[in-house]
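Trainee:
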Amino acid sequence: MAVRSHIRHFLRYREIARVFLKHGLGYLIQRMGMQRYVPLPSLYSVQICQLESDHCMADKLTHALMELGPTFVKFGQVLSTRSDVLSPEFIAELERLQDKVAPVPGDQIQAVIAAELGPVEDVFASFEINPLAAASIGQVHRAVLKSGEQVVVKVQRPHIQAQVENDLELFNHLAQMVEAHWNEASRIGLVKIVEDYSKTMKLELDYHREAKNTERMRQAFAKDEHVVIPRIYWEYTTPRVLTEEFIDGIKLSDIAALEARGWDRGRISELGTRSFLAQVLMH
Numbered sequence: 143m144a145v146r147s148h149i150r151h152f153l154r155y156r157e158i159a160r161v162f163l164k165h166g167l168g169y170l171i172q173r174m175g176m177q178r179y180v181p182l183p184s185l186y187s188v189q190i191c192q193l194e195s196d197h198c199m200a201d202k203l204t205h206a207l208m209e210l211g212p213t214f215v216k217f218g219q220v221l222s223t224r225s226d227v228l229s230p231e232f233i234a235e236l237e238r239l240q241d242k243v244a245p246v247p248g249d250q251i252q253a254v255i256a257a258e259l260g261p262v263e264d265v266f267a268s269f270e271i272n273p274l275a276a277a278s279i280g281q282v283h284r285a286v287l288k289s290g291e292q293v294v295v296k297v298q299r300p301h302i303q304a305q306v307e308n309d310l311e312l313f314n315h316l317a318q319m320v321e322a323h324w325n326e327a328s329r330i331g332l333v334k335i336v337e338d339y340s341k342t343m344k345l346e347l348d349y350h351r352e353a354k355n356t357e358r359m360r361q362a363f364a365k366d367e368h369v370v371i372p373r374i375y376w377e378y379t380t381p382r383v384l385t386e387e388f389i390d391g392i393k394l395s396d397i398a399a400l401e402a403r404g405w406d407r408g409r410i411s412e413l414g415t416r417s418f419l420a421q422v423l424m425h
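Written as structure tokens, this is what we have:
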């Protein structure tokens, strides 16, 4: 088992090095002490260390994370919230990862649903193959239950648990290696960031836990007319599939759409802040 794990990690490190080289991030390979994972013919590329703008480097890093897959995309999303660690240029580029995850083909998603709940046509009156949104762990599809309720179905990517567990183990090894070779990584506490990220990712793999938290918030705000939490359909929810009430809405960042509806952004901000504080201080 240890030998297989070592080989698997070695091959993944080689893949990371290949992707970094492809996107012009040889400088990072050198900084991270990963030269031994670079194929010999490409080793010269690692030594080319041109000083580039943060914007340019951040753009290259964003594309590299997207190519490396869901676990890396999610880590980039986490880093995009760390303005205490990264420059504004890096934050702006990494924020693009929020909407840049390629969806899984519909037949693979239906196979996950079938394994958890049964054939899609037996569970839903209709199910939209094209997702509403795709994220690093899963994606969301609109559907209609046999009883007529409009719902959204959040489905995990196939084999995502094994992939995440393998990558998280690698992440921890990589963070320790990087801190040993790069003083800046040690200064920002990269190992601690990765440890916290690993805990969060493992929790997010359990949709049943997410459903329980959603239900808890629904009960907490049951008497608040300004906050609507979707209903969970427990009979169609498992650790890998989450089915909840469909609620139409607009992203807070879509200012044009908010103004087109004549909504008061100040009032929205006030209500959002109030509900946030209620969660932290009361519930």
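With my numbering applied, the sequence shown covers 143 to 425.
Beta carbons are placed, not taken as given, at the ideal position from N, Cα and C, and that holds for glycine.
Return the CA-CA distance between His315 and Gln252, expressed in angstroms with no decimal places.
Mentor: As a first step, residue 315 must be located in the sequence shown, where it is residue number 173. As a first step, residue 252 must be located in the sequence shown, where it is residue number 110. Answer to the nearest angstrom: the Cα atoms are 35 Å apart.
Trainee: Report the three-state DSSP secondary structure of Ile371 (helix, strand or coil).
Mentor: Within the sequence shown, numbered from 1, the residue matching residue 371 stands at position 229. The answer is coil: DSSP assigns Ile371 none of H, G, I, E or B.
Trainee: By Cβ distance below 7 Å, which residues in the same chain neighbour Gly218 in space, the five residues on each side in sequence not counted?
Mentor: Numbered from 1 along the sequence shown, position 76 holds the residue referred to as residue 218. Excluding positions up to five away in sequence, the list reads Thr204, Leu207, Leu236, Leu239.
Trainee: With a 10 Å radius around its C-beta and 16 neighbouring C-beta atoms as the bar for buried, classify Lys216 as buried or exposed.
Mentor: Here the question's residue 216 lines up with position 74 in the sequence shown. By the 10 Å Cβ count, Lys216 comes out buried.
Trainee: Where do the N-terminal and C-terminal ends of the beta strand (DSSP E) with His283 fall, by residue?
Mentor: Here residue 283 refers to the residue found at position 141 of the sequence shown. Taken as a continuous stretch (DSSP letters only), the beta strand (DSSP E) holding His283 covers 280-287.
Trainee: On the three-state DSSP scale, how would you describe Lys164?
Mentor: Translated into the one-based positions of the sequence shown, residue 164 becomes position 22. It is helical.
Trainee: Mind pulling the alpha helix (DSSP H) runs of 4 or more residues that sit fully within the stretch 310-355?
Mentor: Within the stretch 310-355, the complete alpha helix (DSSP H) runs of at least 4 residues are 325-330, 332-346.
Trainee: In the DSSP assignment, what residue or residues form a beta bridge with Asp297?
Mentor: Against the sequence shown, residue 297 aligns to sequence position 155. According to the sequence displayed, residue 297 carries Val and not Asp. Bridge partners of Val297: Gln281, Val383.
Trainee: Bridge partners for Ala276 per DSSP, in chain order?
Mentor: Residue numbering aside, residue 276 sits at position 134 when the sequence shown is read from its first letter. Gln281, per the DSSP bridge assignment.
Trainee: Quick one: is Arg299 buried, meaning 16 or more other Cβ sit within 10 Å of its Cβ, or exposed?
Mentor: Counting from one through the sequence shown, the residue named residue 299 turns up at place 157. Burial call: buried.
Trainee: Looking only at its own chain, which residues have a Cβ that is under 6 Å from the Cβ of Val295, when we skip the five neighbours before and after it?
Mentor: On the sequence shown, residue 295 is found 153 positions in, with the first residue counted as 1. Around Val295: His283, Ala285, Thr385.
Trainee: Looking only at C-alpha atoms, which of Arg178, Glu291, Glu346, Pro273 sits nearest to Gly248?
Mentor: Residue mapping note: residue 248 aligns to position 106 of the sequence shown, counting from 1. It is Pro273.
Trainee: Is the CB-CB distance between Leu347 and Val306 below 8 Å?
Mentor: Translated into positions along the sequence shown, residue 347 becomes position 205. Translated into positions along the sequence shown, residue 306 becomes position 164. Their beta carbons are under 8 Å apart, which means Leu347 touches Val306 by this criterion.
Trainee: Decide yes or no for the touch test of the stretch 258-274 against the stretch 217-233: beta carbon pairs closer than 8 Å, at least 3 of them.
Mentor: With a cut-off of 8 Å, the stretch 217-233 and the stretch 258-274 do not count as touching, because too few Cβ pairs lie within range.
Trainee: Quick check on DSSP: helix, strand or coil for Ser268?
Mentor: The residue given as residue 268 occupies position 126 in the sequence shown. Strand.
Trainee: So, are the CB atoms of Val293 and Glu357 less than 8 Å apart?
Mentor: As a position in the sequence shown, residue 293 is number 151, starting the count at 1. As a position in the sequence shown, residue 357 is number 215, starting the count at 1. Taking 8 Å as the Cβ cut-off, Val293 and Glu357 do not qualify as a contacting pair.
Trainee: DSSP has Gln292 in a bridge; who is on the other side?
Mentor: On the sequence shown, position 150 is the one that residue 292 refers to. Its beta-bridge partners are Val286.
Trainee: If you check the beta carbons only, do Pro212 and Ile335 fall under 8 Å apart?
Mentor: Here residue 212 refers to the residue found at position 70 when the sequence shown is read from its first residue. Here residue 335 refers to the residue found at position 193 when the sequence shown is read from its first residue. It is not a contact, given that the beta carbons lie outside the stated cut-off.
Trainee: Are the CB atoms of Val369 and Ile389 within a distance shorter than 8 Å?
Mentor: Taking the first residue of the sequence shown as 1, we reach residue 389 at position 247. Taking the first residue of the sequence shown as 1, we reach residue 369 at position 227. Contact flag unset, no.
Trainee: At what residues does the alpha helix (DSSP H) containing Gln421 begin and finish?
Mentor: On the sequence shown, residue 421 is found 279 positions in, with the first residue counted as 1. That run of the alpha helix (DSSP H) goes 407-423.
Trainee: Kindly indicate which three-state DSSP category Lys216 falls into: helix, strand or coil?
Mentor: Taking the sequence shown and counting its residues from 1, the one referred to as residue 216 is at position 74. In this structure, Lys216 counts as helix in the three-state DSSP scheme.
Trainee: To which residues of the same chain is Ile410 closer than 8 Å at the C-beta, ignoring the five residues directly before and after it?
Mentor: Along the sequence shown, one-based indexing puts residue 410 at 268. Correct list, in chain order: Leu394, Leu400.
Trainee: For Leu312 versus Arg178, is the C-beta spacing smaller than 8 Å?
Mentor: As a position in the sequence shown, residue 312 is number 170, starting the count at 1. As a position in the sequence shown, residue 178 is number 36, starting the count at 1. Their beta carbons are not under 8 Å apart, which means Leu312 does not touch Arg178 by this criterion.
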